[in-house]
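Read the structure below first, then the notes.
In the numbering used here, the protein residues as written are 247 to 396.
Spelled out as structure tokens, the structure:
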């Protein structure tokens, strides 16, 4: 079957099939003469598996590792357990960071509600943000690092 049919049967857009192929998660044959990609019925199951794994929080690199084990006739279960533990720890760390960010925002809201408005001057564009930043310069570094990770 071709890209469009695999996409329909799998419940994804054709560009997703092409992307999964490009990153090595799908391995279609090539039709003789026209060089179109020819996908097998087993690729429907494979795409559905990829979607389920993504829904659980695995990234495409993780999925590739799991599929590689399965393709080699090895049990992917030990690596799958290991990877889900890694993803759960990462997710927990992100949740903690978001919780800390929420607390900073709520503190700022409370502080700023009592302060007057000011015009920008040579020292500050918005003194409200400057007040918070002065209180915790390390927090800014953490936020910048977290922004780069996401």
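For every residue, glycine included, the Cβ atom is placed at its ideal position computed from N, Cα and C.
Heavy atom of the ligand NAD within 7 Å of residue i beta-carbon
i           : result
residue 247 : By its list of ligands, the structure shown contains no ligand whatsoever, and the ligand NAD lies outside what it can speak to.
Where the alpha helix (DSSP H) through residue i begins and ends
i           : result
residue 353 : 323 to 358
residue 261 : 260 to 268
residue 364 : Here residue 364 belongs to no alpha helix (DSSP H), and DSSP marks it neither H nor E.
residue 255 : 249 to 256
residue 316 : 306 to 317
Spatial distance of residue i from residue j (CA atoms)
i           : j           : result
residue 346 : residue 353 : 11 Å
residue 263 : residue 339 : 32 Å
residue 300 : residue 343 : 22 Å
residue 317 : residue 298 : 18 Å
residue 329 : residue 304 : 8 Å
residue 251 : residue 260 : 9 Å
residue 379 : residue 335 : 29 Å
residue 357 : residue 366 : 19 Å
residue 394 : residue 341 : With a pLDDT of only 48 at residue 394, under 50, the local geometry of the prediction cannot be trusted, and no value is derived from it.
residue 325 : residue 278 : 37 Å
residue 349 : residue 369 : 27 Å
residue 327 : residue 337 : 15 Å
Within 8 Å, strictly: CB atoms of residue i and residue j
i           : j           : result
residue 283 : residue 249 : yes
residue 361 : residue 371 : no
residue 266 : residue 296 : yes
residue 315 : residue 321 : yes
residue 256 : residue 309 : no
residue 313 : residue 271 : yes
According to DSSP, residues forming a beta bridge with residue i
i           : result
residue 275 : 284
Candidates the options: closest to residue i by CA position
i           : options            : result
residue 288 : 278, 336, 274      : 274
residue 291 : 269, 253, 319, 324 : 253
residue 269 : 311, 369, 286      : 311
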